[in-house]
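Input: a single structure, listed below in C-alpha cells.
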C-alpha cells in the first residue's frame, strides 16, 4: 500500500528531519486542511527549525480543529516559551493538567518555568538548546479529549500544580501566573534634567508640533502604555515624539523605547488601528501590529518569500477599504479565501506596507 504524505511525515519526524517535513507538507495544505494531525506535524516542525511565525499559524489551526488535544496544547505552550510568552505557556500547561492531572510533560515544563522564568533564564534556556526538551517528541497525535469526559475545576488544576512543584498556592500563583508583571528595561529609560528643562526645540519644520508640557506627557504616556503591555498605543506616542519638535535627547530615548516592542500575537494584540486610521496618518502607526480581515490577490512567490496585495475589508466581498502590499515568509497564502492577518505596519516613509507574521483562514466568518 502506498504511503500517504502524513505517513512519510511521521517517519521523518521520528528521524528528526523537520525541514523535509515542511517541504513535504506545505504544498499539501489544500488536501489536508481539515486534519489536526497535519497541522500538528507542520507546526511542530516549524517550531524545531525556529520558524515561530509559521509554527503559530499551523498549531493554532490544529487547535481549532481539535481544541482539547493534549499534544497540540503542549506544542503551543512550548512555542510560547520559545517566544518568551510565559504567561500564555503557563495557562496552557495548567489547562493540560486540568484535563489530564499527572501529565508528565506539563509537570516538567512548569518545573522548568518556575526556575527559568526571568528574561535571562529564558534566554539561556533557548540559546543552550535545552528548550527543545519541551517540544513534542512523538509524531503521532492521540485522540482529542472531550471536555465532557473529564470535569476538573481550576482549583484541582492549581492543586495538581502545587503538588508537582511543591509550592504553597499563593506562591505558585505569584511565580507562575504573574510572570511579566513589569518591564524594568522600560522603567530604566528616564529623562534627565536637561531634557525636562528644554523638552522642545525652536524653528524647523515638524510633522507634529507639541508644547513643552505635551512633549513630557507624551513620553511618560508611552512608558505607561508599555508597562500595560499596550505596545501599539505606546508606539503611537513614540512616533508622535519622533516626528515632532521634541529635543534630540528625548527623541533618542523614544527610539530606545521603540526597541522594546514585543512580538505580536493573535491573542494579545491590543489597540489595533483600523485601515482608515492608518491611511489618514501613516507615519503615526509605523511598527504597530494590526489584525485586519480581507483577501489576498496577485500572489507572487520567490523562494520562501511570498508577496501579495491584501484587500482590506474584502473578506465578505462586500466592501473594499483599501489595497496594501504585503509580504510573508514560510506561510502559504490562499487566493479567494477570507483571511485574517496579523502583521506589522511599515509606514515610516508615508507608504503603507505589511510584514505579515501569521495568517488565519476564516471559516464561516470566524
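In our numbering, the protein residues as written are 240 to 605.
We put the beta carbon where it would ideally sit given N, CA and C, even for glycine.
Keep in mind the model is a prediction, meaning the values are calculated, not measured.
> How about the stretch 535–548 and the stretch 563–577: do they share at least three Cβ pairs that are nearer than 8 Å?
Replying inline: Short answer: they touch.
>> For residue 536, report the span of its beta strand (DSSP E) as first-last.
In response: What you label residue 536 is simply residue 297 of the chain shown in a count that begins at 1. 528–541 is the extent of the beta strand (DSSP E) around residue 536.
>> Considering only their Cβ atoms, is the gap separating residue 374 from residue 301 smaller than 8 Å?
In response: As a working note, residue 301 is residue 62 in the chain shown. As a working note, residue 374 is residue 135 in the chain shown. Contact check for residue 301 against residue 374 fails: the beta carbons are separated by 8 Å or more.
> To the nearest whole angstrom, what separates the beta carbons of residue 329 and residue 352, a pair I think is in contact under 8 Å?
Replying inline: Indexing the chain shown from 1 puts residue 329 at position 90. Indexing the chain shown from 1 puts residue 352 at position 113. With 8 Å as the limit, residue 329 and residue 352 qualify as a contact, their Cβ atoms being about 6 Å apart.
>> Quick check: what's the CA-CA separation for residue 559 versus residue 530?
In response: Locating residue 559 in the chain shown gives position 320, counting from the first residue. Locating residue 530 in the chain shown gives position 291, counting from the first residue. Computed Cα separation, rounded: 16 Å.
> For residue 468, which option in 582, 269, 426, 422 has the closest C-alpha, if you only look at C-alpha atoms?
Replying inline: Stepping through the chain shown from its first residue, residue 468 is reached at position 229. Proximity to residue 468 across 582, 269, 426, 422 peaks at 422, based on C-alpha coordinates.
> Buried or exposed: which applies to residue 503, given that a residue is buried once 16 or more other Cβ atoms fall within 10 Å of its Cβ?
Replying inline: The residue labelled residue 503 in the question sits at position 264 within the chain shown. Classification of residue 503: buried, given that the 10 Å Cβ count is 16 or more.
>> Below 8 Å on the Cβ atoms is my contact criterion, and I expect residue 542 with residue 514 to pass it. Report the Cβ-Cβ distance as a whole number of Å.
In response: In the chain shown, counting from the first residue as 1, residue 542 sits at position 303. In the chain shown, counting from the first residue as 1, residue 514 sits at position 275. Their Cβ separation, rounded to whole angstroms, is 29 Å, which puts residue 542 and residue 514 out of contact at 8 Å.
> With 16 as the cutoff for other CB atoms within 10 Å, does residue 346 come out buried or exposed?
Replying inline: Here residue 346 is taken as the residue at index 107 of the chain shown, counted from 1. Burial call: buried.
>> Can you tell me which residues form a DSSP beta bridge with residue 593?
In response: Here residue 593 refers to the residue found at position 354 when the chain shown is read from its first residue. Looking at the DSSP assignment, residue 593 forms a beta bridge with 565, 584.
> Going along the chain, which residues of its own chain have a beta-carbon closer than 7 Å to the beta-carbon of residue 611, five neighbours each way excluded?
Replying inline: As shown, the chain starts at 240 and ends at 605. That puts residue 611 outside it, with no answer to give.
> Going by the beta-carbon positions, is the gap between residue 601 and residue 578 smaller than 8 Å?
Replying inline: Taking the chain shown and counting its residues from 1, one reaches residue 601 at position 362. Taking the chain shown and counting its residues from 1, one reaches residue 578 at position 339. Against a cut-off of 8 Å, the Cβ pair of residue 578 and residue 601 comes out as a contact.
>> With a threshold of 7 Å on Cβ separation, who are the neighbours of residue 500 within its own chain once the five nearest residues in sequence on each side are excluded?
In response: For the purposes of this step, residue 500 is taken as residue 261 along the chain shown, with counting starting at 1. Closer than 7 Å at Cβ, skipping near neighbours: 470, 474, 526.
> Buried or exposed: where does residue 275 fall if 16 or more other Cβ atoms within 10 Å of its Cβ makes it buried?
Replying inline: Against the chain shown, residue 275 aligns to sequence position 36. Buried: at least 16 other Cβ atoms inside 10 Å.
> Whole-angstrom Cβ separation of residue 464 and residue 453, contact assumed at under 8 Å?
Replying inline: Within the chain shown, the letter at position 225 stands for residue 464. Within the chain shown, the letter at position 214 stands for residue 453. Not quite, the Cβ-Cβ distance comes to about 16 Å (not below 8 Å), so this is no contact.
> Going by DSSP, what residues sit across from residue 545 in a beta bridge?
Replying inline: Looking up residue 545 in the chain shown gives position 306. Answer is 540, 567, bridged to residue 545.
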